[in-house]
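Protein chains: 2
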Amino acid sequence: MGATQDLARFLVETHSERIPKAILHEGIRCLINYLAVALYAARDPSLDILLDVFKEEGGKPLATVVGAGRRTSLQNAALANGYLGHLEDYDDTHFPTVIHPSSPTLPAALAVGERQGASGRDFLAASVLGMEACCRVGMAIHPYHYDEGWHITGTCGVFGAVGAAGRLLGLDTPCMVHALGIAGTQAAGVREVFGSMTKPFHPGRSAQSGVLASLLAKGGFTSTTAILEGRRGFAAVLSSKHDLSKATDALGERWELHRNGLKPYACGVVNHPLIDAMVAMRSAPGVTPQAVEHVNARVHPLVLELVDRQHPQVGLEGKFSYQHCMAVGLVDGAAFPAQYTDARVKDPVITGLRDRISATADSSLGEDQAVVRLTLKDGRSYDQRVEHATGAPENPMTDAQLEAKFRTLTGDVLPKAQAEALLAALWEMERVEDVRTVVALTRMPRRRHRA
Amino acid sequence: MGATQDLARFLVETHSERIPKAILHEGIRCLINYLAVALYAARDPSLDILLDVFKEEGGKPLATVVGAGRRTSLQNAALANGYLGHLEDYDDTHFPTVIHPSSPTLPAALAVGERQGASGRDFLAASVLGMEACCRVGMAIHPYHYDEGWHITGTCGVFGAVGAAGRLLGLDTPCMVHALGIAGTQAAGVREVFGSMTKPFHPGRSAQSGVLASLLAKGGFTSTTAILEGRRGFAAVLSSKHDLSKATDALGERWELHRNGLKPYACGVVNHPLIDAMVAMRSAPGVTPQAVEHVNARVHPLVLELVDRQHPQVGLEGKFSYQHCMAVGLVDGAAFPAQYTDARVKDPVITGLRDRISATADSSLGEDQAVVRLTLKDGRSYDQRVEHATGAPENPMTDAQLEAKFRTLTGDVLPKAQAEALLAALWEMERVEDVRTVVALTRMPRRRHRA
């Protein structure tokens, strides 16, 4: 039996009762995180470009675009929702591969789950199995594949999407094998497009490819039965080296989802241990922005290479300024999108503190580590060492932190009561009878653009 | 200026008056050939799988699925028509790269052309520019790309499709640059799926990707401006070596379309010189199937490797039997799909002749060459040497041969009067005011499945 067959069996034949509780809980956390960032992103004007094409092309109102008012076809909804998941670079990250498994997978599950009126439990099972398949395929070709220029979320995303969609459509194993073939040969996305709208388009297109593949396979469309292991299949063609045992060994026993992290802060991960340190020190005696004499951090050398910017002028530049990230960590105790607005980077309290922050490279530190010394004007000083930044698999966001992220990101999008109802329903997902009741809470009929 | 910019300028800024007459004529021939094979393929039951998904998903009736009754969205029509173009492996071939440029490009042009009510001349210009772009990009990565496992029609097809669709949508050059980026990062398709429905799905998906890319770019969606030449762009990531000067040198002066061939026979090209020889000898004095004592051919060694099958039992096997191909060449003077039915491979006249046909490998011969000696029972013998099989760029099908192919393939699909009206309109394409009048003739409201 080949890897494709093994993966198909895992996706189809794993009974939901056999999925560990902790994995189902992680699935819920991924869903909450996904919806938080997608709902926030739905206010971006670029979503209109997609919605206008959907309007021009038409489609039955079968599935919801998160944060929008209208429903559209399964494929369109998957495309838009995959786009929204990744638009803010604020989605989950599978640490070993840098895949963002939620953005291609959950939109496919949401579209088909809504269409089918799936139970919350079936929806969750399909979602975590799909995300696991996505990460497992990634493991088999990592690090060569990404290093060679592929956007691994776009390419491996098709396996997550087709796994989730195909399972919810009730494909049997032989049919899933063909669905994996149809999806796998659509794998695409190069890193050259980073920095443009086409980057988040990748998981959108993956989600759509997976939905299309599962619909075609269900109808009897044929493909290769060896898309993963074939001599001219996915792994051989899209990576200079591969090891498919990493895709299939101990499937259902060992879970890559345990190494999937959620981002607490709306900026690049190199800033995260620094923000963590500042958030921790803000409750130390005597610490106020005005009382600070200076702050010096010892950091992984990459920090100075990537995010050394003393005077950011606009919000986006704030994300690339460790000084700004540390300042808002101390002043606001957070680094949500609200901390990266044009207004916030010009706030006098922030700019005043920023000027007193510096950093020194220390190659003995890891990328998710930092050591920060904060000295007050009165002479007192505090040291804070961060071993693993929040959001790393070794130090995951707590459920409470995730709730705060959800509430903050959805605050300007959904009415408060709707957001709270959605959050409560999501935590109860395993007992939801029909996911349509939950999906309905992600709609925002009167969508407003972000200012 | 980079290769992407050069290609975008070629696609947008080449005035249709500057396109050589011979190239526009070749465009018409490609269109006639494409429609012949697509209309024939439209009777295949597998088309229903696509049409059922379209019905399930919905879409405005904007563009025609060739050989079907209903219209659907631009993207759906492009997907189905790309599929139909390649389903019978009977579409055109760009000899240097083995790209089939019509199947991904013309469906994109047809969908957008119908939507816009484009003139025949604009439609033709967009089509030949798109096909040229497709072949040019292929030249830059050939032969590495195909050898490394990519289905080059699927990958490079996106450039043909977006070129044609984007031009018909009136994109300006900067916008076309982004459209090329959105399309190029969707390039996909591995050879592992050969032998399944997913192979013809590739140009379908390419056509759809190109249409989607052009619609998004028109709406303001952004992408890389260097999809071809970027360090992590299409050429660098999808091929171990590349030479982009082959994509851009003398664009508009030297045309790859001159090296695009149309297939006269519904079987693999290695059989073609043998069929040519038999067709030529059937008019020699005294030659009848019954009068033949034996036939011996000297052939390129690949013939014996790929298509040596003395006793094919079903129609499909006949395509992989040089003996059958040669027999029908002599008896029918043709090798259309009708020559590869289950009934035809069992016909006593054919099977009787097949038994008297043999071949010997001769490595001095090229793949499109053959030498055939036919000996009659009365002792007379004829020798026929074929230097270049019909359909090779050095020996193209005549317009009359193409008309015969069109009439034969559409004979069971369209009413005769409709087929003749369509053929006449296609030859007059440069003077057609609105392509919708032509496209309407490709519809077949009462579609019947092939027996």
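Heads up: the sequence lines are chains A and B, in that order.
Numbered according to the numbering used here, the first sequence spans residues 20 to 470.
Numbered according to the numbering used here, the second sequence spans residues 20 to 470.
C-beta: ideal position from N, C-alpha, C; glycine also.
None of these values were measured; they are calculated from a predicted model.
Residue i, DSSP secondary structure in three states
i: His170 (chain B); result: coil
i: Thr417 (chain A); result: coil
i: Thr461 (chain A); result: helix
i: Gln205 (chain B); result: coil
i: Leu98 (chain A); result: helix
i: Arg278 (chain B); result: helix
i: Glu406 (chain B); result: coil
i: Leu231 (chain B); result: helix
i: Thr307 (chain A); result: coil
i: Ile376 (chain A); result: strand
i: Ile38 (chain B); result: coil
i: Leu393 (chain A); result: strand
i: Glu272 (chain B); result: coil
i: Ala411 (chain B); result: strand
i: Ile118 (chain A); result: strand
i: Ser383 (chain A); result: coil
i: Val432 (chain B); result: coil
i: His319 (chain A); result: coil
Residue i burial status per 10 Å Cβ neighbour count (16 or more: buried)
i: Glu45 (chain B); result: buried
i: Val156 (chain B); result: buried
i: Asp111 (chain A); result: buried
i: Thr91 (chain B); result: buried
i: Tyr116 (chain B); result: Residue 116 (chain B) is actually Thr in this sequence, not Tyr. Buried, because 16 or more other Cβ atoms sit within 10 Å of the Cβ of Thr116 (chain B).
i: Ser122 (chain B); result: buried
i: Met464 (chain B); result: A quick correction: the sequence has Pro, not Met, at residue 464 (chain B). Answer is exposed; the Cβ neighbour count stays below 16.
i: Arg469 (chain A); result: exposed
i: Arg224 (chain A); result: buried
i: His261 (chain B); result: buried
i: Met150 (chain B); result: buried
i: Pro331 (chain A); result: buried
i: Gln358 (chain A); result: buried
i: His471 (chain A); result: Outside the shown range of chain A (20 to 470) lies residue 471 (chain A), about which nothing can therefore be said.
i: Pro193 (chain A); result: exposed
i: Gly88 (chain A); result: exposed
i: Glu11 (chain B); result: An answer regarding residue 11 (chain B) cannot be provided, because it is not within the stretch 20 to 470 covered by chain B.
i: His170 (chain A); result: buried
Proximity of residue i and residue j at Cβ, strictly below 7 angstroms
i: Glu386 (chain A); j: His319 (chain A); result: yes
i: Gly280 (chain B); j: Gly104 (chain B); result: no
i: Glu312 (chain B); j: Thr394 (chain B); result: yes
i: Gly78 (chain B); j: Glu211 (chain A); result: no
i: Tyr102 (chain B); j: Val56 (chain B); result: no
i: Lys265 (chain A); j: Ala159 (chain A); result: yes
i: Arg301 (chain A); j: Leu349 (chain A); result: yes
i: Gln388 (chain B); j: Ala296 (chain B); result: no
i: Tyr341 (chain B); j: Val364 (chain B); result: no
i: Ala285 (chain B); j: Pro356 (chain B); result: yes
i: Leu106 (chain A); j: Tyr53 (chain A); result: no
i: Leu421 (chain A); j: Gln437 (chain A); result: no
Contact test: residue i Cβ vs the ligand NAP heavy atom, cutoff 6 angstroms
i: Ala198 (chain B); result: Absence of the ligand NAP is noted for the structure shown, with no ligands found whatsoever.
Rounded Cβ spacing between residue i and residue j (contact assumed at less than 8 angstroms)
i: Leu190 (chain A); j: Ala198 (chain A); result: 6 angstroms
i: Ala144 (chain A); j: Ile38 (chain A); result: 6 angstroms
i: Leu234 (chain A); j: Ala152 (chain A); result: About 18 angstroms; that fails the 8 angstroms criterion.
i: Cys344 (chain A); j: Ala353 (chain A); result: Between Ala353 (chain A) and Cys344 (chain A) the Cβ distance is about 11 angstroms, and since that is not below 8 angstroms, they are no contact.
i: Gly168 (chain B); j: Val256 (chain A); result: 4 angstroms
i: Arg450 (chain A); j: Gly139 (chain A); result: 6 angstroms
i: Val289 (chain B); j: Leu321 (chain B); result: 5 angstroms
i: Leu26 (chain B); j: Leu247 (chain B); result: 7 angstroms
i: Thr217 (chain A); j: Gly200 (chain B); result: 6 angstroms
i: Ala96 (chain B); j: Ala60 (chain B); result: The Cβ separation is near 15 angstroms, so there is no contact.
i: His291 (chain B); j: Ala408 (chain B); result: 4 angstroms
Between the region 180-193 of chain A and chain B, which residues of the former have a C-beta closer than 8 angstroms to a C-beta of the latter?
none
Residues of the region 197-211 of chain A with Cβ closer than 9 angstroms to any Cβ of chain B, in chain order
His197, Gly200, Ile201, Gly203, Thr204, Gln205, Ala206, Ala207, Gly208, Val209, Arg210 and Glu211
Between the region 141-169 of chain A and chain B, which residues of the former have CB atoms less than 8 angstroms from a CB of the latter, in chain order?
Glu167, Gly168 and Trp169
Output needed in chain order: residues of the region 79-105 of chain A with a Cβ under 7 angstroms from some Cβ in chain B.
Lys79, Ser92, Leu93 and Gln94
Taking any Cβ of chain A, which residues in the region 294-319 of chain B have a Cβ under 8 angstroms from it, in chain order?
none
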